[in-house]
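What follows is one structure encoded as structure tokens, with my remarks underneath.
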Amino acid sequence: MTQTLSGTQTTSVADAVVVGAGFAGLYMLHLLRDKLKLKARVFESADGVGGTWYWNRYPGARCDIPSHHYSFSFSEELQQEWTWSEKYAAQPEILEYLEFVARKFDLNKDISFGTRVSSAHFNEAEQRWIITTDRGETVVARYFIPAVGTLSDANIPKFKGHGSFQGQVLFTGKWPKEGVNFAGKRVGIIGTGATAMQAIPVIAEQAAHLTVFQRTPNYGTPLRNEPMDPAVDREVKANYRTLRQQAWESFAGVPFERLKPSALADSPEERRKQYEACWEDGGFSLWIGCYGDTLFDHTANRYAADFVREKIRARVQDPAVAALLCPPESQAYGTKRQPCETHYFETFNRDNVRLVDIRTHPIDEILPTGLRTTGGEYTFDILIYATGFDAFTGAMFKMDIRGAGGRTLQDYWSAGPRTLYGLGAHGFPNMFFITGPQSPSVLFNMPLGIEMHCEWIADCITHMNAHGYTAISANTEDEDRWIRHTKELADATLLPEATSWYLGANIPGKPRVFMVYLGGGKHYKEVISRCAAEGYAGFTLTPSS
Ligand code: NA7
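Encoded structure:
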């Protein structure tokens, strides 16, 4: 029931509050409301569902694991009803899919759109969360589930002169709904990560001129998107169960048939054949579907890196530009997130595209007309920031989250995220993360990882209700154990060597902690299932008084 306290202030009661209506928030709502029969409220700042896929409308945005994998598995009916039009679906189609899911499961009626959660404070006496929104609503709920996404808080560098540009300023992660007309326009884009590599070829085709400001070259590899073959779609639909099983058997939730254990075990000829085959397969095949030691062994990694550099040089006509686009030997292959591209490198053969190296000549100042680097001045009509996200923690910290004793999440995580299994944090009872830090999250099939977490959370709440527990909170020593284990796994790979957002290294001042669990989704699922089977071992459950 909603009561008016004073003026526009309203207070209501719910069993659970979920923040965000992307893949995670939608499925969490479905489980809480339709399976557990609880009263759940979802708050979403956008005016529609979609989360990441609502905001990232930039040209060229698409998933880079195959569409059939990049979808919910929980409903066979849904799997059969929905048909993807491309091997790797583009943003508009993924958004349509999520809108379809919301309609099919009648989810919108429990989502408050255009509403941002401002704070969530845990009341110890009541063992409940007090959640407030920017629309003046307060909800008192037993459970608080921020499903805010790992890559949703924009990283916009504060260059000197920030805000002074007089043309149109765009951020790829908050792209205008009405689209952007690039015709006849001079465009500048800062960043050459996975996002920029998708956007640059498309924008270059539309704009009069495009200047690309590159700080770090990346080992992009071809996506090789194609229209969905109806025969493939039929085959998958007849065997979805097998497809999902194969996904769960694989490290990253996407199976790769060619995967061989070691690049070192093959002769140079065999290696070349294997690399070429993976290159032709496209997507993440070369990265995680080629050799098991690519991300573990420097020599194996160098073989792959040399192969990609060779491909870049072959695709870019001007050797000087090619040299700038080739990551240096000091930068291991695939330790930053693998960008999948379509004609990215060929784009630099166009007359209307210019590459500017801002590693050697950093951006000095944003100007009303463009920007100045230490090497020159550049003028344009549109400035695009493709500068990434404050991953994992950024969106969480935007809310004023306070757990037991009024401790803020920022304070608890001041030296880096502390969680047990990426699902809960000590002193923040009944708050659950979905694909949180220290879970497989971004290095696993996102929809499957989200389903795994939502189902674990739903089972946990069912267990608590069945046994009369009012609170659950992770134990500090179990968090320590999990953090140590996560770090050990990461340290066995080459990934911590990179200045990547996996480590928080893209955000000045952010603690450098590797935030992804690298033990593989299957093993991780076994760990959290065992935790549940053992009565939520590692967490403390408080009985109702
Ligand atoms: P990324 O991968 O973080 O890329 C951001 C890009 O912006 C990258 O090239 C950065 O260079 C560049 N950048 C960031 N800050 C600056 C400053 N201050 N100066 C110059 N250049 C800068 O984000 P994406 O959006 O591309 O990808 C994020 C994920 O979204 C992606 O992996 C998918 O999972 C979906 P740097 O490399 O830091 O030198």
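Numbering (the working numbering), first residue to last: 1477 to 2021.
Every residue, glycine too, gets a C-beta built ideally from N, C-alpha and C.
Given the structure is predicted, the values throughout are model-derived calculations rather than measurements.
Which residue from the options puts its Cα closest to that of residue i?
i: residue 1853; options: 1843, 1861 and 1862; result: 1843
i: residue 1897; options: 1753, 1819 and 1995; result: 1995
i: residue 1949; options: 1731, 1767 and 1880; result: 1880
i: residue 1542; options: 1614, 1724 and 1702; result: 1702
i: residue 1689; options: 1706, 1704, 1669 and 1698; result: 1669
i: residue 1932; options: 1892, 1769 and 2007; result: 2007
i: residue 1912; options: 1734, 1864, 1975 and 1992; result: 1992
i: residue 1940; options: 1619, 1792 and 2001; result: 1619
i: residue 1959; options: 1625, 1976 and 1989; result: 1989
i: residue 1808; options: 1748, 1566, 1692 and 1745; result: 1692
i: residue 1747; options: 1720, 1596, 1775 and 1721; result: 1775
i: residue 2010; options: 1968, 1936 and 1645; result: 1936
i: residue 1956; options: 1606, 1985, 1902 and 1929; result: 1902
i: residue 1980; options: 1705, 1548, 1834 and 1812; result: 1812
i: residue 1614; options: 1490, 1797, 1782 and 1550; result: 1490
i: residue 1591; options: 1525, 1637, 1560 and 1649; result: 1525
i: residue 1597; options: 1608, 1787, 1587 and 1922; result: 1608
i: residue 1974; options: 1694, 1721 and 1920; result: 1694
i: residue 2018; options: 1905, 1819, 1742 and 1836; result: 1905
i: residue 1793; options: 1765, 1767 and 1823; result: 1823
i: residue 1857; options: 1733, 1835, 1969 and 1687; result: 1687
i: residue 1539; options: 2001, 2014, 1921 and 1951; result: 1921
i: residue 1942; options: 1829, 1651, 1505 and 1512; result: 1512
i: residue 1520; options: 1506, 1983, 1493 and 1537; result: 1493
Does the ligand NA7 have a heavy atom nearer than 7 Å to the CB of residue i?
i: residue 1865; result: yes
i: residue 1932; result: no
i: residue 1977; result: yes
i: residue 1753; result: no
i: residue 1921; result: no
i: residue 1701; result: no
i: residue 1744; result: no
i: residue 1942; result: no
i: residue 1677; result: no
i: residue 1608; result: no
i: residue 1788; result: no
i: residue 1633; result: yes
i: residue 1839; result: yes
i: residue 1850; result: no
i: residue 1692; result: yes
i: residue 2025; result: No information on residue 2025 is available, as it lies outside the stretch 1477 to 2021 that the chain covers here.
i: residue 1918; result: yes
i: residue 1834; result: yes
i: residue 1825; result: no
i: residue 1895; result: no
i: residue 1982; result: yes
i: residue 1565; result: no
i: residue 1648; result: yes
i: residue 1538; result: no
i: residue 1811; result: no
i: residue 1912; result: no
i: residue 1818; result: no
i: residue 1524; result: no
i: residue 1590; result: no
i: residue 1669; result: yes
i: residue 1862; result: yes
i: residue 1672; result: yes
For chain C, is any of its Cβ atoms less than 8 Å away from the one on residue i?
i: residue 1831; result: Looking at the structure shown, chain C is missing, and only one protein chain is on hand.
For residue i, list the residues DSSP reports as bridge partners.
i: residue 1847; result: 1842 and 1854
i: residue 1698; result: 1817
i: residue 1703; result: 1562
i: residue 1907; result: 1620
i: residue 1878; result: 1597 and 1884
i: residue 1860; result: 1646 and 1665
i: residue 1829; result: 1686
i: residue 1588; result: 1519
i: residue 1613; result: 1486
i: residue 1915; result: 1992
i: residue 1606; result: 1597 and 1616
i: residue 1655; result: Paired residues: none, contrary to the question.
i: residue 1900; result: 1896
i: residue 1945; result: 2019
So does residue i have its beta carbon nearer than 7 Å to some heavy atom of the ligand MG?
i: residue 1666; result: In the structure on display, the ligand MG does not appear, and the ligands it does have are the ligand NA7.
Could you tell me which uninterrupted alpha helix (DSSP H) segments, each at least 4 residues in length, are contained entirely in the region 1720-1795, listed from first to last along the chain? Runs of the alpha helix (DSSP H) inside the region 1720-1795: 1744-1757, 1761-1764 and 1774-1791.
At 4 residues or longer, what runs of the alpha helix (DSSP H) sit wholly inside the region 1950-1995? Entirely contained in the region 1950-1995, the alpha helix (DSSP H) runs reaching 4 residues are, in chain order, 1952-1967.
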